[in-house]
Each structure stands twice: as C-alpha cells, then as structure tokens.
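Undergrad: Below is one structure. I have some questions about it.
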Amino acid sequence: MNKLKQLFAGGAVLTFMSGVAHAEYGLNMPVGVTETSRQVYDLHMLILWVCVAIGVVVFGAMVYSMIYHRKSRGAVAAQFHESMTAELVWTVIPFVILVVMAIPATTVLIDMHDTSEADMTVKVTGYQWKWGYEYIGEDVAFFSSLDAKSNEARQVGSDIDPATVENYLLDVDHPLVLPVGKKVRILLTAADVIHAWWVPDFGWKKDAIPGFINEAWVRVDEPGVYRGQCAELCGRDHGFMPIVVVVKSVEDYEAWLAEQKGAAASAKLAAIEDLDPRELKQKGKKVYRANCVACHQKKGEGIPGVFPAITGSAIATGDINSHINMVMNGKIGTAMAGFKDQLSDVELAAVITYQRNSLGNKVGDAVQPAQIAALR
Ligand SMILES: [Cu+2]
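The opening position of the sequence shown corresponds to residue 0 in numbering that gives the first Met the number 0, with each subsequent residue numbered one higher.
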C-alpha cells in the first residue's frame, strides 16, 4: 500500500513539474508559428481525442464485462454466431470514423502542398554536413554551417564544456533569413546524400534528395529565431548540421537582403585585388575551422588511417598547383570533396595559403584569389 502511495505521489510531482517546465519541456508537439503548423497541431489533437474516445468505449466495455459477467458470478456466455447486426456494426462504425478523420487530414495535406502564389523562393541544398541557401532571382546565396563554438566544443578532447555553449549544436554561422508574413516557397535538394530539412515550429519536414527537387512552403506569423536539424541520417556528422531560421520584419529583411548583395559585390571586388599573405592566413584559419577541421583536425594532424594530416603533407608542402587542384576539385572516390562550388575565390586562396603556412607547415608562398578565379 505504501509503495502504491509513493507511486501516486511521484506521479503527482511529475505532473506538477511538467506543468511548470512546460515552456522548455512539453509532452505534446509544438503548436508552431505558421498556419500550417497550427492546422497540423489541431489535426493531431482531434485525432488524439477520437482515439481517446474509442479507447474509453472499448476498454470500458471490456472492463465492465469482466467485472459484471465474470465466471464466479455464474455468468454464462451467450451463444451466437454469424450475427449480421454485430458484423455490420463493427464494420460500418470504424469505416465512418476513418472517413470522418480522412476529410480534415486531406484538407490539411492539400494546403501543405499548395506552393502557388508564393512571394519568394529559396532553394535549400543539403551537403555533408551543412546547408546551402539560395535566394532565387536575388543573386544571394550562402552556406550555413555549425557555429564555431559548438564545433570546437564537440571535438574529442576539446577543453570547452558543451554545457557552457549557448544553443549547443543548434546554432549556425549564417542563418536563413526570411520576412514575416510572406509566403516563401522552399525548393529542397541535396548535393551528395539524402538529407531532410526540419524546423518543428513550421509544422513540416521534407527530404532533400540528390537529383530531385521537393517543394514546400512556409509563412511565418511572428518574427523570431526558429531552430531545427537535419532529420535524415546522412553520415558521420549528421548531428552537426543544424538549421536556424531568423524571421525579420519585412523592412529589416529588405535591409538584410540589400546588405547581402553589397557583401557579394565587394567579395567579387576583393577577389580581383591581391591580399596580404598575413590577411590570407587569418581568413584561411576561419575557413579551415568551418570546413576542414572535421576531417583534418584542429592542429592539422588528421586521423591516422582515415584522414591524412595536413602538417607535413606532401601535397600541402609540395607543388602549389596540386594543392590548389586537390582543394578545388577534391579526389573522386574519397571523402575529400571539391570545394570549388562551396567556397569563394578569396576563401579558397585563404585556406590554401593557411594550410601551407600554418598547422606546422612553413612553405612561405601564397595563393591569390585571382589565380583561383582563373582556374574556374
Ligand atoms: Cu544531413
């Protein structure tokens, strides 16, 4: 009896706590911030209560029969077979229930797939292991990788405690920025393996498949920061390609977009100018930390037998052209992907210069962005 009391007390405390901590830890799915997500939530609640009602009726009848028609009371089972009425009842009622549930479910599905009359389009491409975002018709495109702090804290032997990193593994360097209240068509694809784009607050999740374009849309009602993750097991660093969407007012979004276009233009200009090797090295370190460290490691030591070291590497300390070729085009059939399409001229020149003159290497030469541009 005492045990039972404890159990109930424990249950009561848990219920109470779950009420208190509701904001961070709810048992239910989030209501979300879009019309779609609210429709999905309502549908979920409707079906839940239909299931609860069926459960109460079925188990109620069972428990009632077990208590009031038990053998010790002298109950004798009724003997009837092939009862038309019973068979009709247990066929027609579930059928009607299914149809009643299918009508709202289909309505929501059709709404979710209707990408017509969108105000703008963003193309989302999944990569191992980051996201690429392209604002169609705006000449704005960038990559979105795990933020440097999470990335450093997650490394084996890192001296940063993950508990001290805000939004650990849920933050990126360049979030997707969207305007509030606008219908955004989202095109999804991937460049290597299957990924899936999932922001729970938007109420949907969709696969990004190489060679296919999937469509979805979102219209966010409130400005804010919404976080999600890749939801398809896509390789070793699947858990390290989060999604962050920053939703801004329309004016702020326009200002941001203009700024991005300005940045793209100045990056093109910078690509023509020669840069100081020291500046290249500094930039290169950032590029290396964001794109190469997962395999070649922080100090360039690599992982013996899996990923070669950059420190003392014959390529990174040898002929500069083979080094450039390796980084731009990768090596087919290995995990070394070509970075030609993922990094700008400046970034490529910087990371190559960095690898040759840092991480324990001292070749003393440098690559300029113009050389990279000429090789495209
Ligand atoms: Cu993925």
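Don't be surprised by glycine CBs; every beta carbon is placed ideally from N, CA and C.
1) For V326, which residues of its own chain have a beta-carbon under 6 Å away from its beta-carbon, when the five flanking residues on both sides are left out?
2) Of all the options Q38, F306 and P199, which has the alpha carbon lying nearest to the alpha carbon of C291?
3) Among V176, K204 and A207, which has the Cα closest to the Cα of W255?
4) Kindly give me the distance between the Cβ atoms of V164 and A152, rounded to whole angstroms, as I take these residues to be in contact under 8 Å.
5) Going by DSSP, which residues form a beta bridge with S143?
6) Any heavy atom of ligand 1 inside 6 Å of the beta-carbon of G125?
7) Hey, could you find the ends of the beta strand (DSSP E) K204 is sitting in?
8) Mapping the DSSP letters down to three states, classify E231 as helix, strand or coil.
9) Following a CB-centred definition, is H379 positioned closer than 6 Å to any heavy atom of ligand 1?
10) Could you tell me whether any non-hydrogen atom of ligand 1 is closer than 6 Å to the CB of H237?
11) By the DSSP assignment, the alpha helix (DSSP H) with R37 in it spans what residues?
12) Let's test the definition: count the other Cβ atoms within 10 Å of the Cβ of P303 and tell me whether it reaches 16, buried, or not, exposed.
13) Taking Y353 as the reference, give the member of Y287, D118 and H112 with the closest Cα.
14) So, does the segment 212 to 224 touch the segment 180 to 197, judging by three or more C-beta pairs under 8 Å?
15) Mind checking which residues open and close the alpha helix (DSSP H) that includes H112?
16) Any chance you could list the alpha helix (DSSP H) runs of at least 4 consecutive residues sitting entirely within the segment 245 to 300, in chain order?
17) At a cut-off of 6 Å, is C229 close to ligand 1 when judged by its beta-carbon and the heavy atoms of the ligand?
18) To which residues of the same chain is A104 closer than 7 Å at the C-beta, ignoring the five residues directly before and after it?
19) Within the same chain, show all residues whose beta-carbon is closer than 7 Å to that of A230, passing over the 5 residues directly before and after it, in chain order.
20) Anyone know if the C-beta pair for I185 and A215 falls short of 7 Å?
21) By DSSP, does V217 sit in helix, in strand, or in coil?
22) Out of G301, P29, A365 and V366, point me to the one whose CA is closest to A381's CA.
23) Put M119 into one of helix, strand or coil per three-state DSSP.
24) Rounded to a whole number of angstroms, what is the C-alpha to C-alpha distance between H173 and A140?
25) If you drop the 5 nearest sequence neighbours on each side, which residues of the same chain put their C-beta closer than 8 Å to that of A22?
26) Between which two residues does the beta strand (DSSP E) holding H194 run?
27) Just mark T33 as buried or exposed, buried being the case when its beta carbon has 16 or more other beta carbons within 10 Å.
28) Is the beta carbon of L187 less than 7 Å from the beta carbon of N213?
TA: Reading from the atomic positions:
1) Leaving aside the five residues that flank V326 on each side, the residues in its chain whose CB is nearer than 6 Å to its CB run, in chain order, F338 and I351.
2) Selected option, being the one with the closest Cα: F306.
3) Comparing Cα-Cα distances from W255 to each of V176, K204 and A207, the minimum goes to V176.
4) With 8 Å as the limit, V164 and A152 qualify as a contact, their Cβ atoms being about 5 Å apart.
5) Under DSSP, the beta-bridge partners assigned to S143 are W130.
6) Because some heavy atom of ligand 1 lies under 6 Å away, the Cβ of G125 counts as near it: yes.
7) Element bounds for K204: W203 to A207.
8) In the three-state reduction of the DSSP assignment, E231 falls in the coil class, being assigned neither a helical nor a strand state.
9) Outside the shown range of the chain (0 to 375) lies residue 379, about which nothing can therefore be said.
10) Within the chosen limit of 6 Å, ligand 1 reaches the beta carbon of H237 through at least one heavy atom.
11) First-last of the alpha helix (DSSP H) with R37: E34 to Y67.
12) By the neighbour-count rule (16 or more Cβ atoms within 10 Å), P303 is not buried but exposed.
13) The shortest Cα separation from Y353 among Y287, D118 and H112 belongs to Y287.
14) Touching, yes.
15) That run of the alpha helix (DSSP H) goes M83 to H112.
16) Entirely contained in the segment 245 to 300, the alpha helix (DSSP H) runs reaching 4 residues are, in chain order, 249 to 271, 276 to 290 and 292 to 295.
17) Yes - ligand 1 has a heavy atom lying nearer than 6 Å to the Cβ of C229.
18) Within the same chain, A104 has close Cβ partners L42.
19) If we look at A230 and ignore the five residues flanking it on each side, its Cβ neighbours are A195, W197 and K204.
20) Yes. Within cutoff.
21) Per DSSP, reduced to three states, the secondary structure at V217 is strand.
22) Residue 381 falls outside the range modelled here, since the chain spans only 0 to 375, and no answer is possible.
23) DSSP places M119 in strand when its eight states are reduced to three.
24) A straight line joining the alpha-carbon of H173 with that of A140 spans about 11 Å.
25) Here the model assigns A22 a pLDDT of 48, short of 50, so the residue's position is not dependable and the matter cannot be decided.
26) Taken as a continuous stretch (DSSP letters only), the beta strand (DSSP E) holding H194 covers H194 to V198.
27) T33 counts as buried, since at least 16 other C-beta atoms from the protein chains shown sit within 10 angstroms of its C-beta.
28) A contact, by the Cβ cut-off of 7 Å.
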